[in-house]
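Beneath this line is the structure, given in structure tokens, with notes to follow.
In full-length UniProt numbering, the protein residues as written are 1 to 206.
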């Protein structure tokens, strides 16, 4: 199983526990659909305020399965993309967008079933006066992101895994899931009796 498949199978909550929560993107950046799930390598985009031209450059350079991580400076007035741009990204196999900013054409984008995590939506298009950079260090939701870092997102939020730490974090998160499953089985196996026994044990050790 590839590292992308392992990370995709894990909830962001377990990955957050494994990282210590230090690379959790601000919770205001949310999935625009509760079923959206992403796990893959970041390709970063830094945009001047209100601009979106470099998004097309990033789409042209992305590999299949990449996730565009777009630093739009938190601008909520101008969209970084609409349904046409998202259609281009989907058509080239890009997995999703994580945007410190907003998108537009929400209904059409939802019909494309393309995962977007953003600050929300707007009606206004972004400017295309030039500027912007691709594959440079960015800050998204208060977290530094570099091209090649791993991004995992689901209904609970988005977590960044620095490049080179993905195997360790995946292993720790998988172990956390096993531990949590065992705890749940112990506490809930016999209804009230097992719940009280579990609480008694935990409270005795704290």
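Think of the CB as a built atom: it goes at the ideal place given N, C-alpha and C, for glycine as much as any other residue.
Open item on the list: So, at 6 Å on beta carbons, what are the nonlocal neighbours of residue 146 in its own chain, with the 5 sequence-adjacent residues on each side left out?
Closed with: Taking the chain shown and counting its residues from 1, one reaches residue 146 at position 146. Once the five neighbours on either side are set aside, the close Cβ partners of residue 146 are 137.
- [ ] Please decide whether residue 188 counts as near chain B, where near means a Cβ-Cβ distance under 7 Å.
- [x] Of the protein chains in this structure there is only one, and it is not chain B.
Open item on the list: Using DSSP's beta-bridge definition, name the partner residues of residue 196.
Closed with: Within the chain shown, residue 196 is the residue found at index 196, counting from 1. DSSP output for residue 196 lists no bridge partner at all.
Task: Identified DSSP bridge partners for residue 36 - done: The residue you call residue 36 lines up with position 36 of the chain shown. Answer by DSSP bridge pairing: none, since residue 36 is not bridged.
- [ ] Throw me the rounded Cβ distance for the residue 103 and residue 121 pair, which I believe falls under 8 Å.
- [x] Stepping through the chain shown from its first residue, residue 103 is reached at position 103. Stepping through the chain shown from its first residue, residue 121 is reached at position 121. Right, the Cβ-Cβ distance comes to about 6 Å (below 8 Å), so this counts as a contact.
TODO: Sort 111, 43, 10 by Cα distance to residue 180 and report the nearest one.
DONE: Start at 1 with the first residue of the chain shown, and residue 180 comes out as number 180. Minimum Cα distance to residue 180 is reached at 10.
Task: Buried or exposed by the 16-neighbour rule on C-beta atoms within 10 Å, applied to residue 123 - done: Residue numbering aside, residue 123 sits at position 123 when the chain shown is read from its first letter. So residue 123 ends up on the exposed side.
Task: Pairwise C-alpha distance: residue 199 and residue 188 - done: For the purposes of this step, residue 188 is taken as the residue at position 188 of the chain shown. For the purposes of this step, residue 199 is taken as the residue at position 199 of the chain shown. Approximately 11 Å, taken between the alpha carbons.
TODO: Consult DSSP for residue 144 and reduce its assignment to one of helix, strand or coil.
DONE: What you label residue 144 is simply residue 144 of the chain shown in a count that begins at 1. DSSP places residue 144 in strand when its eight states are reduced to three.
Task: Beta-carbon proximity check, residue 19 vs residue 169, cutoff 7 Å - done: If you number the chain shown from 1, residue 19 lands on position 19. If you number the chain shown from 1, residue 169 lands on position 169. Yes; because the gap between Cβ atoms is below 7 Å, this pair is in contact.
TODO: Would you mind reading off the limits of the beta strand (DSSP E) that contains residue 153?
DONE: Along the chain shown, one-based indexing puts residue 153 at 153. That run of the beta strand (DSSP E) goes 150 to 154.
Open item on the list: Just to confirm my understanding: we take residue 91, look at its own chain, exclude 5 residues before and 5 after, and list those with CB closer than 8 Å. What are they?
Closed with: For the purposes of this step, residue 91 is taken as the residue at position 91 of the chain shown. Result list for residue 91: empty, nothing under 8 Å.
Open item on the list: Mapping the DSSP letters down to three states, classify residue 2 as helix, strand or coil.
Closed with: One-based indexing of the chain shown puts residue 2 at position 2. Here residue 2 sits in coil by DSSP.
- [ ] Check each candidate in 197, 141, 196 and name the one with the smallest Cα separation from residue 22.
- [x] Mapped onto the chain shown, residue 22 falls at position 22. That would be 141, whose Cα lies nearest to the Cα of residue 22.
Open item on the list: Between which two residues does the alpha helix (DSSP H) holding residue 84 run?
Closed with: For the purposes of this step, residue 84 is identified with residue 84 of the chain shown, where counting begins at 1. Per DSSP, residue 84 belongs to the alpha helix (DSSP H) from 83 to 91.
- [ ] Report the option in 68, 106, 119 whose CA atom is closest to the CA atom of residue 38.
- [x] If you number the chain shown from 1, residue 38 lands on position 38. Minimum Cα distance to residue 38 is reached at 68.
- [ ] Kindly indicate which three-state DSSP category residue 44 falls into: helix, strand or coil?
- [x] Along the chain shown, one-based indexing puts residue 44 at 44. Residue 44 falls in the strand class under three-state DSSP.
TODO: Out of 73, 77, 114, state which residue places its alpha-carbon closest to the alpha-carbon of residue 88.
DONE: Here the question's residue 88 lines up with position 88 in the chain shown. Nearest option by C-alpha distance: 114.
Open item on the list: Quick check on residue 190: buried or exposed, where buried means 16 or more other Cβ atoms within 10 Å of its Cβ?
Closed with: Along the chain shown, one-based indexing puts residue 190 at 190. Exposed.
- [ ] Have a look at the DSSP bridge pairing and note the partners of residue 212.
- [x] Because the chain in this structure spans residues 1 to 206, residue 212 falls outside the shown range and cannot be described.
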